[in-house]
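Beneath this line is the structure, given in structure tokens, with notes to follow.
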Amino acid sequence: MTDPWWLYLWVFPIGLVVGSFLNVCVVRLPEGQSVVSPRSRCPHCQQPIAWFDNIPLISYICLGRRCRNCQGSISLRYPIMELMNGLGYVGIVATFGWTWVAAVYAIFFSALLVVAWIDLDHLIIPDVISLPGIVLGLLAAATILPIGFLNAVVGVVLGGGILWGLAILSPYMFGKEGLGGGDIKLLAMIGAFLGWQSALLTLMLASVMGAVVGIGLLVCKVMERGHYIPFGPFLVFGALASLFFKADLVQWYIRTMW
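Numbering (UniProt numbering), first residue to last: 1 to 258.
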């Protein structure tokens, strides 16, 4: 982060505002509802939320985590999403500068956050995010992103192809379906934005983290053997790690293995 710190004061609130919109996407996309209209409403009393009660982070604190009309509790997910997106935008600008590349990766970052939350809540990854994301990633790779179009195409084919192959084999290997189509399309989207090397790195990191978390949940008896853990959030973790720390991770791996 070489720019004066005060410049990032412009980025952080933009991320917060977009994060507030992402909360709407998380709630409405799984239900097939419009993310534009109607206005945001309280999930308890269905009353429209006034603009002054919809200011990211600030309204949540000022309202004491409760709806002004019915006093129903406001989920902690809302400020967490806003804060994560705001900090993510700051990290992207600090890493990629004030460039169009940073703008593209900001869109990519926000899409990944929505995917992770929806998969955690509903065990689905909406095609309305991943399929347009693949197209946008390819277009951006051909015009803006430094990875180049061919790298992105290979990322789509390789990332989606590996998970597609695993999805076909999993019933024979484990006796049940292990991966859904949403995971396949998500990794294809990641490959479109980050290229084939990062798609492989994403899958490796996601698999390791998923195994660690799964074993931990079993040991702590939070989950029983045979229960399904959504893989989307782990792919998102791997993709973000690849986005920000790919070079460091590769160097660490080389030093460790060799």
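Where a beta carbon is used, it is the ideal one built from N, C-alpha and C, also for glycine. Remember, it's a predicted structure, so these values are computed and weren't measured experimentally.
Own chain, CB closer than 6 Å to residue i, minus 5 neighbours either side, in chain order
i	result
Ile-125	Val-115, Asp-119, Gly-182, Leu-186, Gly-232
Ser-59	Asp-53
Trp-117	Val-26
Ser-20	Pro-56, Glu-82
Ala-167	Leu-179
Range of the contiguous alpha helix (DSSP H) that encloses residue i
i	result
Asn-85	77–96
residue 266	What the structure shows of the chain is the stretch from 1 to 258, and residue 266 is not part of that stretch, so it cannot be assessed.
Arg-28	11–28
Gly-64	Segment: none, Gly-64 is in no alpha helix (DSSP H) and carries neither H nor E.
Lys-46	It is Gln, not Lys, that sits at residue 46 in the sequence shown. Unbroken run through Gln-46: none, as it is neither H nor E.
Met-121	According to the sequence provided, residue 121 is Asp. The question's Met does not apply to it. Residues 100–122.
Beta-carbon proximity of residue i to residue j, cut-off 7 Å
i	j	result
Met-189	Gly-155	no
Ala-241	Leu-205	yes
Arg-39	Pro-48	yes
Val-24	Val-11	no
Ile-55	Arg-65	no
Ser-207	Lys-246	no
residue 267	Phe-108	Absent from the structure is residue 267, since the part of the chain shown begins at 1 and ends at 258.
Gly-214	Phe-234	no
Pro-230	Leu-76	no
Leu-179	Leu-201	no
Rounded Cβ spacing between residue i and residue j (contact assumed at less than 8 Å)
i	j	result
Gly-88	Gly-15	6 Å
Cys-42	Cys-67	5 Å
Beta-carbon contacts of residue i that lie in its chain and below 8 Å, excluding the five residues immediately before and after
i	result
Leu-101	Note that residue 101 is Val in the sequence shown here, rather than Leu. Counting only Cβ-Cβ distances below 8 Å, and skipping sequence neighbours, we find Ile-144, Leu-145, Pro-146.
Phe-96	Ala-102, Tyr-105
Own chain partners of residue i with C-beta closer than 7 Å, once the 5 adjacent residues on each side are dropped
i	result
Leu-57	Leu-16, Pro-79, Glu-82, Leu-83
Leu-112	Val-236, Ala-239, Leu-240
Thr-256	none
Counted within 10 angstroms of its Cβ, other Cβ atoms place residue i as buried (16 or more) or exposed
i	result
Trp-196	buried
Leu-110	At residue 110 the sequence reads Ser, which differs from the Leu that was named. It counts as buried.
Val-135	exposed
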